[in-house]
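Its first residue numbered 3, the sequence shown is counted upward by one per residue in the numbering used here.
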Amino acid sequence: MTEETNKKVAVIGAGVVGASIAFELQRRGFQVTLIDKGEPGRGTSFGNMASIALDFAAGSGPSTWKKIPGWLLDPEGPVWLRPSYAARMLPWFLRFLAAGRPSRLREIEDAGMSLSLRALGDSREMLQAIGASELMTEEGCLAIYETEAEFAADRGHLAMMQRYGLEFEVLSNGAIQYYEPALSSAIAKAVLLPDNKSIRDPYGLVVKLADAAIAAGAAFVSCAVRNIERKGDGTLVVLLDDGRRIEAGSVVLAAGVHTRFLAAKLGEPIPLETERGYHTQIMKPGISMRYSVIWPHRAFMVTPTAGGIRVGGNVELAGLDAAPDFRRPRVLVRHAQRVLPGLKVEEATEWMGHRPALPDTIPIISPSSKLPGVFYATGHGHLGLTYAATTARLIGDMVSGAKPSVDMTPFRIDRY
């Protein structure tokens, strides 16, 4: 492999993670080609809930198995499983439950928080580097609890935040409305998370990242990737569906849930599933909000972003190919109107996207175990935007041969 080829990197996937990686590698002196079958930011990153959420929460715990029947039987619950997809999900579910063992749970929390504790600083630095610091809000997030019982059920999560040094403040009665007057006075408790910031335009952020990488010399190619091969001299070749071949010294797979197809072709299958998420973007909501609001019991958020108010979250397990079920976001809007009584739904659009989810909740940020020069950055679940800048730095270290500042063992691809 020539020195010129060695400095070339192909990044597959132009969502917020892939675009962040492309920008980071380009400014480190690599020659980047960013590849996506669509335009930057038009996939899952287009509709995320715009949250830099530092309060990492493992998806599974010791008592999760008790909750699953209730989730699946409740038509308005936080998790929906389409019966036709249940058999396909079984191996993933078993791994998900195994990740909730007490001994494993602490390891997962340590790993997730090792990224979360860096996320805000890394995100701010990245925004400053692309000249877009104004995209991050100064306000934090309010976690709300309709009843004292809901608040009591979340004490374990608050204790975890305290253990890792995250700041929060418990609010009740009029203090809640002081921070966010649009919230109902019937809410029993709220927790102010001052460091959980929001992005004013998450799609615009991805576009700015891609544009910044291109302005620094990167190229963008819009085409699907068929496979990756390795030549005798070590050069990697990305094979595109239109017959083009892109040669590089390194390849980063950051294509969200679609990464699993390329991983399987490389001989390292990963249990990457899609947690389908929905949002409703309301451009005439009839209220204004300063803070994003999360309702843990109902597993959804309301965020002022993209010029309006976005209501979204929850999980639908139905695979990549099933048609969207837009009854789901309408349930979330009804819940939102319960705690935001003035919320109107005018000039609204509905959207569905595919979060890339691994059963132990933490992403794969790792060199390939099979093909030298290939790196993975996928499986970020609900925290793609949160971890994007940190993931970019860690992949930048790996590709350049530097020692990452985080212990990368928990994020290796061959941990399953």
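Beta carbons are placed, not taken as given, at the ideal position from N, Cα and C, and that holds for glycine. Predicted, not measured: the structure shown is a model, and the values here were computed from it.
- Residue pairing of TYR280 in beta bridges, as defined by DSSP: GLY315 and MET354.
- A distance below 7 Å between beta-carbons, with the five flanking residues on each side excluded, links MET303 to the following residues of its chain, in chain order: MET51, SER53, SER294, VAL295, ILE296, GLY314 and GLY315.
- CA-to-CA, the gap between LEU173 and LEU342 works out to about 17 Å.
- When C-alpha distances from LYS68 are compared across LEU83, ALA16 and LEU99, the shortest belongs to LEU99.
- Contact between ASP416 and SER371 holds: CB atoms are separated by about 4 Å, below the 8 Å threshold.
- Bridge pairing for PRO343: absent [DSSP].
- Within the DSSP bridge table, the entry for SER368 names TYR378 as partners.
- Taking a contact as a CB-CB distance under 8 Å, the pair ARG202 and THR307 counts as one, their CB atoms being some 6 Å apart.
- By the C-beta criterion, the stretch 187-200 is judged to be in contact with the stretch 131-143, since at least 3 inter-stretch pairs fall below 8 Å.
- When DSSP assignments are scanned along the stretch 37-64, no uninterrupted stretch of beta strand (DSSP E) that is 3 or more residues long falls wholly within it.
- In the DSSP assignment, VAL401 falls outside any beta strand (DSSP E) and within the unbroken alpha helix (DSSP H) covering 386-402.
- ILE110 has no beta-bridge partner at all, per DSSP.
- The Cβ neighbour count for ALA177, taken over all protein chains shown within 10 Å, is under 16; the residue is labelled exposed.
- Within 10 angstroms of the beta-carbon of SER22 lie 16 or more other beta-carbons, which makes it buried.
- With fewer than 16 neighbouring CB atoms inside 10 Å of its own CB, GLN130 falls in the exposed class.
- Within the same chain, PRO80 and HIS337 come within 7 Å of ARG300 by CB-CB distance, once the 5 residues on both sides are set aside.
- In the DSSP assignment, ASN198 falls outside any alpha helix (DSSP H) and carries neither an H nor an E.
- Exclusion of the five residues before and after ALA250 leaves LYS10, VAL11, ALA12 and LEU238 as the residues of its chain whose Cβ lies within less than 6 Å of its Cβ.
- Here ARG332 carries a helix assignment [DSSP, helix/strand/coil].
- Note on geometry: alpha-carbon atoms of GLY381 and ALA266 lie some 15 Å from one another.
- Spatial neighbours of LEU83 in its own chain (CB-CB distance under 7 Å, excluding positions within 5 residues in sequence) are listed in chain order as LEU74, MET91 and LEU319.
- Contact between the stretch 154-172 and the stretch 190-197 is present: three or more C-beta pairs spanning the two stretches fall below 8 Å.
- Between GLY258 and GLY43, the C-beta spacing is not below 8 Å.
- Using a Cβ distance threshold of 8 Å, LEU396 and ILE367 count as a contacting pair.
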